[in-house]
Amino acid sequence: MSSKLRLEHDDGRWAERAGWARNKWWWLFGLIALACFALKVWMTVQNFARLGLAHDQADFNFFYFAFDTVHNHLSEIGRLYDRGYLFDRLDALGAGIDRGRHDVYGYPPQFAVLLSPLGALGLGPAKIVWLVSGGVLFVASLWMLATVLVPDDKAGARQRFFLFSLAIGALSHPLYLEVQFGQSNLPILFLAVSTFYLRYERRNSWLAGVPIGIAIILKMSPAAIALFFLLRKDWRLNVSALLTAVAGTLLTAAVTGWDVVLRYPFQSLPAAMKVTAEFGPAPWNSAFRGVLERVLADLGLAVPHTLVSAVAALYVLLVLAAFASITWNARPDRYREIACAALLPLMISPVVERTHALLLIVPVLAMAALVWNRPWPGPADPNRVWFIRHVIGTGVVVAIVALNPIWITYYVGIVAMFFVIVRARALEPDAWNRAR
Numbered sequence: 012m013s014s015k016l017r018l019e020h021d022d023g024r025w026a027e028r029a030g031w032a033r034n035k036w037w038w039l040f041g042l043i044a045l046a047c048f049a050l051k052v053w054m055t056v057q058n059f060a061r062l063g064l065a066h067d068q069a070d071f072n073f074f075y076f077a078f079d080t081v082h083n084h085l086s087e088i089g090r091l092y093d094r095g096y097l098f099d100r101l102d103a104l105g106a107g108i109d110r111g112r113h114d115v116y117g118y119p120p121q122f123a124v125l126l127s128p129l130g131a132l133g134l135g136p137a138k139i140v141w142l143v144s145g146g147v148l149f150v151a152s153l154w155m156l157a158t159v160l161v162p163d164d165k166a167g168a169r170q171r172f173f174l175f176s177l178a179i180g181a182l183s184h185p186l187y188l189e190v191q192f193g194q195s196n197l198p199i200l201f202l203a204v205s206t207f208y209l210r211y212e213r214r215n216s217w218l219a220g221v222p223i224g225i226a227i228i229l230k231m232s233p234a235a236i237a238l239f240f241l242l243r244k245d246w247r248l249n250v251s252a253l254l255t256a257v258a259g260t261l262l263t264a265a266v267t268g269w270d271v272v273l274r275y276p277f278q279s280l281p282a283a284m285k286v287t288a289e290f291g292p293a294p295w296n297s298a299f300r301g302v303l304e305r306v307l308a309d310l311g312l313a314v315p316h317t318l319v320s321a322v323a324a325l326y327v328l329l330v331l332a333a334f335a336s337i338t339w340n341a342r343p344d345r346y347r348e349i350a351c352a353a354l355l356p357l358m359i360s361p362v363v364e365r366t367h368a369l370l371l372i373v374p375v376l377a378m379a380a381l382v383w384n385r386p387w388p389g390p391a392d393p394n395r396v397w398f399i400r401h402v403i404g405t406g407v408v409v410a411i412v413a414l415n416p417i418w419i420t421y422y423v424g425i426v427a428m429f430f431v432i433v434r435a436r437a438l439e440p441d442a443w444n445r446a447r
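Note that my numbering gives residue 139 to position 128 of the sequence shown, counting from 1, and the numbers run on in steps of one.
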């Protein structure tokens, strides 16, 4: 047998063994994901049994307070950010908490107004609607991602990727925390993914700006996604997002009056951020500032807050410069762009709570999709080293967010995801043309 035939024969045997190994590992991965999902369901049921309806999904109680105020007590709307009024209303709703806790309602007034129909329901029914709708939005988000990231649905590749996405979601500890606390990140995830779907699958930047504009007035941090597309020079998407945000703000002002709307960014939000800072640095706050404060505290270094703020601001500028460089110097690639857009809020936001890391599922799936239809490289493949490093790097991020954060682990996962994106290789020209 000639050396050429021997090499082809060896590569064929390697591909056959690699295919069998991949199937074996997929089954193992699926079983682990299923076990994790079952464990989290059991933990959720245990929490509900221990805390009861009033105190389970505790963060949603604060949201419901805002919905109830707009829907049933509009005359008190000027006290929406009054902590004393917050505690009084929670007591009246049967969800009272210790008044010495560092709790505050800090969402924009647009959030309370746009979702105020939930205030027409009782606290219990509203929680059920919130939980069920969150699950529906999560599944819809993953299906839209599968549609965008696997444009070639040959041999059911998209369906398999969707099931893979569900498994990744089952491993996500932030998803469990999202359900446990009744947080608001699932609607934000859905709106962000809707933007990606409309821009890359439907190729309509005007429509793509609408969901991200809604997300911005609900929680503000998604503005970083619009900022990425501004770096991408997608003017239509940003104009559309701005017009949507303005329309939502005008609607809110028509309900609450301009005083509440105008006081929020200058008084209510800074006061809420001050209370939020009392929760401490990482692992509670996995943003760069929280990590910096944790490391300095562990080293026993007393650094002025002004210096910490200056370093954090410099870090944000460096991150924006890095993302701009990636965007301007690389050819259009939906995988890298979607990953960058979803990662940017986690890298520049001043506060990254545990549940916020749910957004990491987007860059994880984008980087997984980049190699989804590629065969496992044989020993002679020049892309073998890159391929293995890419898969391992993405897997490390999945492993990190499968657990509760310890020290600065979530920030490590965010930075690791950034380097996976930077090192990601664009698709081959023919595949890239299909994915444009």
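Yeah, the Cβ is synthetic: ideal placement off N, Cα and C, and Gly gets one too.
Close beta carbons around residue i, own chain, < 6 Å, minus the five adjacent residues each side
| i | result |
| --- | --- |
| residue 129 | 78 and 137 |
| residue 395 | 388 |
| residue 349 | 207 and 377 |
| residue 100 | 76 |
| residue 92 | 279 |
| residue 194 | 70 and 366 |
| residue 74 | none |
| residue 149 | 197 |
| residue 132 | none |
Assumed close pair residue i, residue j - CB separation to whole angstroms, cut-off 8 Å
| i | j | result |
| --- | --- | --- |
| residue 401 | residue 380 | Between residue 380 and residue 401 the Cβ distance is about 12 Å, and since that is not below 8 Å, they are no contact. |
| residue 88 | residue 267 | 5 Å |
| residue 134 | residue 104 | 6 Å |
| residue 319 | residue 300 | 7 Å |
| residue 369 | residue 185 | 4 Å |
| residue 227 | residue 265 | Rounded, the Cβ-Cβ distance is 19 Å, inconsistent with contact. |
| residue 314 | residue 307 | 5 Å |
CB contact flag (residue i, residue j, <8 Å)
| i | j | result |
| --- | --- | --- |
| residue 412 | residue 404 | no |
| residue 188 | residue 365 | yes |
| residue 293 | residue 361 | no |
| residue 159 | residue 172 | no |
| residue 354 | residue 432 | yes |
| residue 197 | residue 145 | yes |
| residue 382 | residue 156 | no |
| residue 4 | residue 391 | Nothing in the structure corresponds to residue 4, since the chain is present only between 12 and 447. |
| residue 359 | residue 327 | yes |
| residue 152 | residue 229 | no |
| residue 249 | residue 241 | yes |
| residue 106 | residue 72 | yes |
| residue 216 | residue 247 | yes |
| residue 179 | residue 203 | no |
| residue 190 | residue 126 | no |
Residue i in three-state terms, based on DSSP
| i | result |
| --- | --- |
| residue 198 | helix |
| residue 222 | helix |
| residue 284 | helix |
| residue 43 | helix |
| residue 84 | coil |
| residue 231 | coil |
| residue 312 | coil |
| residue 20 | Only weak support is given to the placement of residue 20: the predicted model assigns it a pLDDT of 47, under 50, and the question is left unresolved by the model. |
| residue 68 | coil |
| residue 425 | helix |
| residue 349 | helix |
| residue 91 | coil |
| residue 364 | coil |
| residue 217 | helix |
| residue 390 | coil |
| residue 432 | helix |
| residue 211 | helix |
| residue 417 | coil |
| residue 341 | coil |
| residue 296 | coil |
| residue 183 | coil |
| residue 411 | helix |
| residue 380 | helix |
| residue 356 | helix |
Close beta carbons around residue i, own chain, < 7 Å, minus the five adjacent residues each side
| i | result |
| --- | --- |
| residue 263 | 120, 121, 124 and 272 |
| residue 255 | 220, 221, 224 and 225 |
| residue 32 | Low per-residue confidence applies at residue 32: pLDDT is 46, beneath 50, and the placement is therefore not dependable, though the value from the model is reported in the following sentence. Same-chain partners within the cutoff: there are none. |
| residue 410 | none |
| residue 51 | 187 |
| residue 90 | 96 |
| residue 176 | 153, 156, 157 and 376 |
Neighbourhood of residue i by C-beta, 8 Å cutoff - its chain only, sequence neighbours within 5 removed
| i | result |
| --- | --- |
| residue 418 | 293, 294 and 305 |
| residue 363 | 296, 297, 298, 301, 357, 421, 422 and 425 |
| residue 287 | 113, 115, 117 and 362 |
| residue 351 | 239, 334, 337, 338, 374 and 432 |
| residue 283 | 92, 115, 116 and 117 |
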